[in-house]
Amino acid sequence: MAWYDHAIIYQLYPKSFQDSNGDGVGDLNGIRAHIPYLKALGITAVWLNPVFTSPQVDNGYDVANYYAIDPTMGTMADMDALIDAFHAAGIHVILDFVLNHTSDRHPWFQDALRGPASLYRDYYIFAGHDGQRPNNWGSFFGGSVWAPDPSGSGQSYFHLFDRRMPDLNWANPEVRHAMSDVADYWLQKGVDGLRLDAFIHIAKVKLDQDFPVPTADDAPVLAEPFYANLPQVQTWLRPFCQRVKADYPEVFLLGEAASANVQLAAAYTAPDAGLMDSVVTFRYFPEDASGLDQQLPAQYQAHPLDLPAFKQTQVVWQQTLAGLAQPTLYWSNHDMPRLLGRVAHSAQQAQSLAMLMYLQRGLPIIYYGEELGLTNLTLPDVATFEDPTVTDFVTQATAAGLTTEAAVALVSTTHKLPARGPMPWTDGVQRGFTTGTPWLQGSAAPVASAAEQAADPTSMLAFYQKLIALKKRALFQDGDYHLLTTDQASYVYTRQLDDALAVVAVALEATATTVTLPEGHYRPLLSSGSVDLVGAQLTLGPDAGVVLIREGEIK
Ligand code: GLC
1 MAWYDHAIIY QLYPKSFQDS NGDGVGDLNG IRAHIPYLKA LGITAVWLNP
51 VFTSPQVDNG YDVANYYAID PTMGTMADMD ALIDAFHAAG IHVILDFVLN
101 HTSDRHPWFQ DALRGPASLY RDYYIFAGHD GQRPNNWGSF FGGSVWAPDP
151 SGSGQSYFHL FDRRMPDLNW ANPEVRHAMS DVADYWLQKG VDGLRLDAFI
201 HIAKVKLDQD FPVPTADDAP VLAEPFYANL PQVQTWLRPF CQRVKADYPE
251 VFLLGEAASA NVQLAAAYTA PDAGLMDSVV TFRYFPEDAS GLDQQLPAQY
301 QAHPLDLPAF KQTQVVWQQT LAGLAQPTLY WSNHDMPRLL GRVAHSAQQA
351 QSLAMLMYLQ RGLPIIYYGE ELGLTNLTLP DVATFEDPTV TDFVTQATAA
401 GLTTEAAVAL VSTTHKLPAR GPMPWTDGVQ RGFTTGTPWL QGSAAPVASA
451 AEQAADPTSM LAFYQKLIAL KKRALFQDGD YHLLTTDQAS YVYTRQLDDA
501 LAVVAVALEA TATTVTLPEG HYRPLLSSGS VDLVGAQLTL GPDAGVVLIR
551 EGEIK
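The working numbering puts the first residue of the sequence shown at 1, with every later residue one more than the last.
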């Protein structure tokens with residue numbers, strides 16, 4: 001059993017955690033100062049979003065130097081000290097590893113721009129001629145995946161994300177080698193894991209084909225089947241992963257596989273696949289689009305979670321990966337709105353949903369601030385999003401009759417950026433995050449500070465501490481998962497290890513519901529909302545949840 005089979009991961013967004021030098025951007029020394037907080041929370045690993053030198057077009061996912069720390073975050077010496085301090089506290093460190101693309105400021109790309117004779121030209125994907133786009137594929141960040149070669153060759157270069165983030169050409173063995181060397185550099189430093197960013201996109205089909213679309217329009221279209229989860233992803237990554245595992249058997253490889261369904265997740269994480277240890281899918285949260293306002297574009301409207309479909313999804317992932325690999329368990333991350341506000345509409349419901357998610361079989365990934373009950377910020381204006389898709393949405397929404405303020409407020413609840421707000425440490429200036437001006441500003445719903453919550457046994461923080469302590473029990477780490485009832489009004493499952501049995505029961509609707517438990521006497525270990533147990537009859541109030549242990553056999 002490796003350490004990561006039982007990891008409880010905290011996703012820490014360095015820009016927003018703690019600023020130690022007053023420039024308004026969180027930094028490595030700021031993180032180091034809060035290791036006691038993380039230790040008290042009980043997590044066993046942190047995943048740091050990117051900290052490498054970057055023009056910050058995509059908040060660090062546009063890396064200009066994989067071997068250096070971004071100056072706003074600190075120095076390499078600060079990084080070494082941070083890794084050491086985490087290790088001294090018994091916390092493992094997982095770094096974000098951006099392998100699908102670099103920044104356009106990266107020296108490889110700068111050299112490639114010298115033209116076809118550059119030794120680095122083939123590190124990237126240049127194609128086409130006479131300024132013609134090679135195909136109609138669309139970028140995840142809007143527009144075409146092609147941008148004109150600024151050096152005037154008439155070719156275009158490929159970017160799946162922003163145009164300032166050119167894709168690396170993984171078909172080139174030199175690229176594969178170079179990225180292996182980057183991994184090696186960090187692993188030699190003692191880093192315990194890598195989160196492989198957007199790895200499912202490293203392979204593309206032949207470029208000279210348009211994606212078939214129902215209209216004759218030549219506007220770019222998302223063409224995922226042409227650039228996601230292709231077989232060569234596995235062919236190219238296997239030697240990378242195998243080299244990591246051969247040199248550092250204890251290193252955890254966590255893949256970001258946004259569009260992977262459960263079969264692909266199984267293929268990526270099966271022990272004999274020689275690839276990842278675990279993956280994060282974005283398919284966990286099926287949405288209900290039935291109530292959308294037809295007058296407005298769909299993209300930034302609130303899509304409620306389709307609870308019956310969500311429950312089914314969880315069950316399928318639990319069962320399909322049982323005995324194969326650890327699923328990841330999460331409610332939020334930096335690419336989606338926060339749990340409280342998106343799915344949960346009260347602190348109590350957020351607690352119930354946290355029990356539901358994290359006590360399943362798998363690895364919790366708790367997004368920073370979730371343990372305090374943070375919600376998305378409301379950003380002040382359209383410009384703050386720096387996102388053309390938001391500008392388009394707001395333009396269309398105002399044409400349909402919304403005020404700009406209302407449209408911005410709506411996007412603030414559904415966009416990823418407002419989920420990246422600063423941590424509220426205290427009630428002081430800028431809530432203790434910075435003495436300067438925070439890099440991201442917006443209005444925040446009132447939430448008690450970390451300091452206040454740490455002193456309050458009824459706080460959200462205290463709840464998360466208890467939940468994490470429970471998750472560390474062998475029963476919740478290694479116990480079998482079994483779905484208890486198919487009733488749509490609740491999600492009820494058991495975890496069982498030898499004679500020990502626990503029931504996790506959460507109401508999914510805003511009405512009371514009753515569940516009949518397997519025979520035995522039960523004792524509540526943790527609960528949220530109104531819970532009533534009479535013999536084996538459990539009644540959950542609206543949005544309530546409870547963890548019960550069968551008496552006499554506690555593991
Ligand atoms: C991943 C990251 C996301 C980033 C993208 C490009 O999906 O999670 O934040 O924008 O990759 O690196």
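Cβ coordinates follow ideal geometry from the N, Cα and C atoms, glycine included.
For residue i, three-class secondary structure by DSSP
i	result
residue 366	strand
residue 65	strand
residue 322	coil
residue 202	coil
residue 219	coil
residue 481	strand
residue 496	strand
residue 207	coil
residue 331	coil
residue 523	strand
residue 539	strand
residue 545	strand
residue 126	strand
residue 553	Low confidence applies to residue 553: its pLDDT is 47, below 50, so where it sits in the model is not reliable, and the reading given next is rough at best. Here residue 553 sits in coil by DSSP.
residue 12	strand
residue 532	strand
residue 358	helix
Closest residue to residue i among the options (Cα-Cα distance)
i	options	result
residue 191	9, 95, 131, 544	95
residue 427	410, 440, 411, 448	448
residue 112	168, 57, 70, 132	168
residue 425	484, 453, 404	453
residue 464	4, 19, 43, 7	43
residue 377	351, 397, 334	334
residue 142	129, 443, 515, 160	160
residue 37	369, 280, 268	369
residue 172	225, 186, 226, 100	100
residue 175	122, 213, 534	122
residue 523	509, 491, 502, 98	502
residue 420	8, 16, 5, 6	16
residue 254	127, 7, 26	7
residue 455	75, 499, 40	40
residue 188	248, 489, 162, 214	248
residue 220	209, 375, 151	209
Own chain residues within Cβ distance below 8 Å of residue i, not counting five before or after
i	result
residue 355	467, 504, 506, 526, 528, 545, 546, 547
residue 353	331, 339, 343, 344, 506, 545
residue 348	528, 529, 543, 544
residue 301	292, 293, 410, 414
residue 1	none
residue 316	262
residue 266	320, 321, 324, 325
Close Cβ partners of residue i (< 6 Å) along its chain, the five nearest in sequence each way excluded
i	result
residue 66	52, 182
residue 520	550
residue 146	133, 156
residue 397	296, 407
residue 479	495, 496, 497
residue 20	27, 29, 30
Cβ-heavy atom distance, residue i to ligand 1, below 7 Å
i	result
residue 197	yes
residue 233	no
residue 192	no
residue 256	yes
residue 106	no
residue 161	yes
residue 227	no
residue 181	no
residue 334	yes
residue 145	no
residue 387	no
residue 58	yes
residue 13	no
residue 61	yes
residue 98	yes
Beta-carbon contacts of residue i that lie in its chain and below 7 Å, excluding the five residues immediately before and after
i	result
residue 530	541, 544
residue 286	306, 309, 310, 313
residue 108	102, 120, 123
residue 228	200, 201, 259
Below-8 Å beta-carbon distance, residue i vs any chain D residue
i	result
residue 339	Going by chain labels, chain D is absent from the structure shown, which holds only one protein chain.
Where are the beta strand (DSSP E) runs, 3 residues long or more, that stay fully inside the segment 51-101, in chain order? 65-69, 92-98
In chain order, which continuous runs of the alpha helix (DSSP H) of length 4 or greater are located wholly inside the segment 389-467? 404-414, 450-454
Alpha helix (DSSP H) runs wholly inside the segment 242-329, at least 4 long, in chain order: 262-269, 307-321
Please give the ranges of any beta strand (DSSP E) in the segment 167-193, keeping only runs that are unbroken, at least 3 residues long and fully inside the region. none
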